[in-house]
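For the sequence shown, the working numbering assigns the number -5 to the initial residue and increments by one for each residue that follows. Glycine residues also receive a C-beta, built at the ideal position from the N, C-alpha and C atoms. Just so you know, these numbers come straight off a predicted model, no measurement behind them. Take a look at the structure set out below.
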Amino acid sequence: METEDASKFIPYLKAPGVIGCAVTMPYKVAMMSAVDEVTAEAKIIGAINTVFIRKGADGSHRYIGTNTDCIGVRESFLQNFPGVLNHSTGKPGLVIGGGGACRSSIYALWKWLGASKVYLVNRLESEVSDVIQSLKAAGFGGELIHVSSVEMAETLESPALVVGTIPDFPPKEEGEVIARSIVNVFLSRKEKGYVLEMCYHPKPRTEFFEIAAAAGWRVLYGTEAMIYQGVAQQVLWTELPLEKFNLGEVKRLIADIIEKP
């Protein structure tokens, strides 16, 4: 069932035979209070995109909320770039943006991909402040640095992993232009790394994708994160091992769509 009314949805979620559900905006925060338990990563990120069910000690169903978006980021890098941890561990990561995908990306870089610290670049300082404050309040233990100017970027160590989480619009406002210039400082350096461009709508090959690729970075489409977060949901719902899912076929189908002119 698909609905925009969260209150009407709960009875369907708890009906016999239901194994869980996906949660989309704008309910990723509100649904946290509707489940029995929230996983550690979802608490820190501050949102859930998945509800799955497990039996409690008394045999009753427990409805657990989690966030697989961060798994999508993690697996995009790990599955496509074997040995990436040798390159990323102990080095900074960079996240561009200030929304929900930004928080999931920060968590993945810090928790699983070895980032020594995470740089944040965004058009609005207020959004970055909100991200930092909410993550810290929820127990995030990593170092977050708001890179607010080109001059500041020029003094910082190069990131090994970059995640773009903003829409594919040319920069127009002052904050957008400054943010793009800051990112270009990092991309133009001799040291190159890996980029995940989360935006894939309306087209996966975004302006940022092209800029990063032209600068010599290895760039992934955002559809990779979409695939792996979806597979993580399926594993949680069905309790089947990853090997049961035909990722190769899914990737081929999506690649065919991307490559169409």
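Taking the alpha-carbon positions, what's the Gly158 to Val179 distance?
Answer to the nearest angstrom: the Cα atoms are 15 angstroms apart.
Is the Cβ-Cβ distance between Ser70 and Leu230 less than 7 angstroms?
In this structure, Leu230 does not lie closer than 7 angstroms to Ser70 by Cβ.
On the DSSP letters alone, give me the boundaries of the beta strand (DSSP E) that Thr60 sits inside.
From DSSP, the beta strand (DSSP E) with Thr60 extends over 55 to 60.
Measuring straight from C-alpha to C-alpha, what distance separates Gly133 and Asn61?
16 angstroms
Just curious, the alpha helix (DSSP H) that His195 is in, first and last residue?
Element bounds for His195: n/a, residue is neither H nor E.
Of all the options Val12, Phe163, Ala154, which has the alpha carbon lying nearest to the alpha carbon of Asn80?
Ala154
Just list the residues that DSSP pairs Lys203 with in beta bridges.
Position check: residue 203 holds Phe in this sequence, whereas Lys was assumed. According to DSSP, Phe203 bridges with nothing at all.
Tell me Arg212's beta-bridge partners as DSSP assigns them.
Within the DSSP bridge table, the entry for Arg212 names Tyr188 as partners.
Between Val112 and Trp104, which are expected to be in contact by the criterion C-beta below 8 angstroms, what is the C-beta distance as a whole number of angstroms?
6 angstroms
Report the rounded CA-to-CA distance for Asp250 versus Gly53, giving the unit in angstroms.
So the alpha carbons of these two residues sit roughly 46 angstroms apart.
Counting along the chain, where does the beta strand (DSSP E) carrying Val115 start and finish?
Residues 112 to 115.
Can you check which of these residues, Glu218, Asp162, Ala173, Ala226, is closest to Glu204 by C-alpha distance?
Asp162
Could you check the C-alpha separation between Lys8 and Phe46 for me, to the nearest Å?
Going by the C-alpha atoms only, they are around 11 angstroms apart.
Could you work out which residue in Met192, Met146, Lys197 is closest to Ala173 when comparing CA atoms only?
Met146
Between the stretch 34 to 51 and the stretch 220 to 239, do three or more beta carbon pairs fall short of 8 angstroms?
yes
Tell me where the alpha helix (DSSP H) around Ile90 begins and ends.
No alpha helix (DSSP H) contains Ile90, which is instead part of the beta strand (DSSP E) from 87 to 90.
Roughly how many angstroms lie between the CA atoms of Glu35 and Cys64, to the nearest whole one?
8 angstroms
Consult DSSP for Ala16 and reduce its assignment to one of helix, strand or coil.
When secondary structure is reduced to three states using DSSP, Ala16 falls in the strand class.
Closer than 7 angstroms by C-beta to Ile4: which residues in its own chain qualify, once you throw out the five before and the five after it? Chain order, please.
Ala28
Short check: CB of Val213 to CB of Ala207, under 7 angstroms?
yes
Where does the unbroken beta strand (DSSP E) through Arg3 begin, and where does it stop?
One point to set straight first is that residue 3 is Phe, not Arg, in the sequence displayed. In this chain, Phe3 is not harboured by any beta strand (DSSP E); it is covered by the alpha helix (DSSP H) spanning 0 to 7.
If we count the other Cβ atoms within 10 Å of its Cβ and call it buried at 16 or more, is Ala127 buried or exposed?
Looking at the sequence itself, residue 127 is Gln, so the reference to Ala does not match. By the C-beta density criterion, Gln127 is exposed, having fewer than 16 other C-beta atoms within 10 angstroms.
Put Leu241 into one of helix, strand or coil per three-state DSSP.
helix
I'd like to confirm the pairing. Which residues does DSSP put opposite Phe46 in its beta bridges?
Gly14, Ile58
Mark Ala24 as exposed unless 16 or more other C-beta atoms lie within 10 angstroms of its C-beta, in which case mark it buried.
exposed
Cα separation between Gln223 and Val67?
8 angstroms
Contact defined as beta carbons within less than 8 angstroms: I believe Ala109 pairs with Gly87. What is the distance between those atoms, to the nearest angstrom?
4 angstroms
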